[in-house]
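Below you'll find the structure, written out as structure tokens, and then a few comments.
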Amino acid sequence: MLDNLTAYVSEHAAKRRWRERAYSRFLQDWRRQVVLLRRQRAGEFGQPLGDPSCIFSAQSTWLRCAVNPRGPCQGCPHYSPLASPLPDPHPDVLG
1 MLDNLTAYVS EHAAKRRWRE RAYSRFLQDW RRQVVLLRRQ RAGEFGQPLG DPSCIFSAQS
61 TWLRCAVNPR GPCQGCPHYS PLASPLPDPH PDVLG
């Protein structure tokens, strides 16, 4: 009986440690992505490429747009201006 209990407790502790380490790695990766995005938005990597008024603009310092990543934006046949926000489909519903 004691051997089974000891095995259960040690297995439970090992699983808990594994979960904590996995979650810690997940948080580290997530924090790293947040830091990179903040640096990119702050302009640390330079100005974003492409035309910010186009709907396909990636607003990234590495990629110009989804349709025409190599550019140029001037005269691009895929240019579509950003649309205004869509109207509320249910204005009478409180949300």
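Take the sequence shown: its letters are residues 1 to 95, numbered as in the numbering used here.
All residues carry an ideal CB built from backbone N, CA and C; glycine is no exception.
Sequence-distant residues of the same chain with beta carbon closer than 6 Å to residue i, five excluded per side
i   : result
I55 : S80 and L82
S73 : Looking at the sequence provided, one finds Cys at residue 73 rather than Ser. Excluding residues within five positions, the ones whose Cβ falls inside 6 Å are G50 and D51.
Three-state secondary structure (DSSP) of residue i
i   : result
S53 : coil
Where residue i falls, given that 16 or more other Cβ within 10 Å makes a residue buried
i   : result
G50 : buried
R64 : buried
S57 : buried
Span separating the alpha-carbon of residue i from that of residue j
i   : j   : result
S60 : R21 : 32 Å
S10 : N68 : 56 Å
If contact is defined by three or more beta carbon pairs under 8 Å, each pair taking one atom from either stretch, is the region 33–42 in contact with the region 3–20? no
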